[in-house]
């Protein structure tokens, strides 16, 4: 299961979220700056931080509707995917950890920011290094930190997709279902 925390468990650089907007004259401004809030999963071997989410596609920015939708999604809680929207999630993976085999009903872009991560599929393992991207198309998969002593960090953009496959979160109930 998970627990919400402000604490970052990894020794990787802390991250800041900057959200832009417009002032009353239509000029761009910094709307908000905040540190990431982390949730801990798999006995604190994986930590997640949702930097932003949308609840529609395309998102509605007028009158800060997207900001309110993000706040509402975070307040109600979400699985890996936000139904009818997108999720920008950062994931820190402990040394040597491998998550449960799982599938989301989504199109995901997973980018390695720090360390080396292995993408485990039914047909084998692919090693990913800093800057490499996986285009994850609703297939069963696992993520494994290839290092035995260094944390790894990935960023994911998950977009809800049309039905065709069902979400399968594997063993252990490590996250609530997405409901899409």
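Numbering (the working numbering), first residue to last: 1 to 180.
Each residue gets a CB set at the ideal place from its N, CA and C atoms; glycine is no exception.
Neighbour-count burial assignment, residue i, 16 or more Cβ in a 10 Å radius
| i | result |
| --- | --- |
| residue 131 | exposed |
| residue 1 | Legend: pLDDT at residue 1 = 41, less than 50; position of this residue unreliable, value from coordinates given subsequently. Per the 10 Å Cβ criterion, exposed. |
| residue 128 | buried |
| residue 61 | exposed |
| residue 72 | exposed |
| residue 139 | exposed |
| residue 57 | exposed |
| residue 31 | exposed |
| residue 8 | buried |
| residue 13 | exposed |
| residue 125 | exposed |
Close-in-space but distant-in-sequence residues of the same chain around residue i (CB under 8 Å, 5 per side omitted)
| i | result |
| --- | --- |
| residue 10 | 47, 92, 94, 151 and 153 |
| residue 6 | 35, 37 and 38 |
N- and C-terminal bounds of the alpha helix (DSSP H) containing residue i
| i | result |
| --- | --- |
| residue 76 | 65-76 |
Start and end residues, beta strand (DSSP E) containing residue i
| i | result |
| --- | --- |
| residue 146 | Per DSSP, residue 146 belongs to no beta strand (DSSP E) and is neither H nor E. |
| residue 38 | 38-41 |
| residue 32 | 28-35 |
| residue 92 | 86-93 |
| residue 133 | 133-137 |
| residue 158 | 152-160 |
Spatial neighbours of residue i in its chain, beta-carbon cut-off 6 Å, leaving aside the 5 residues before and after
| i | result |
| --- | --- |
| residue 15 | 36 |
Contacts around residue i, its chain only, beta-carbon distance under 7 Å, and the 5 residues preceding and following it disregarded
| i | result |
| --- | --- |
| residue 99 | 42, 46, 142 and 143 |
| residue 137 | 107 |
| residue 85 | 53, 54, 55, 56, 57 and 160 |
| residue 110 | 133, 134, 136, 154 and 156 |
Residue i, DSSP secondary structure in three states
| i | result |
| --- | --- |
| residue 62 | helix |
| residue 56 | coil |
| residue 127 | strand |
| residue 117 | strand |
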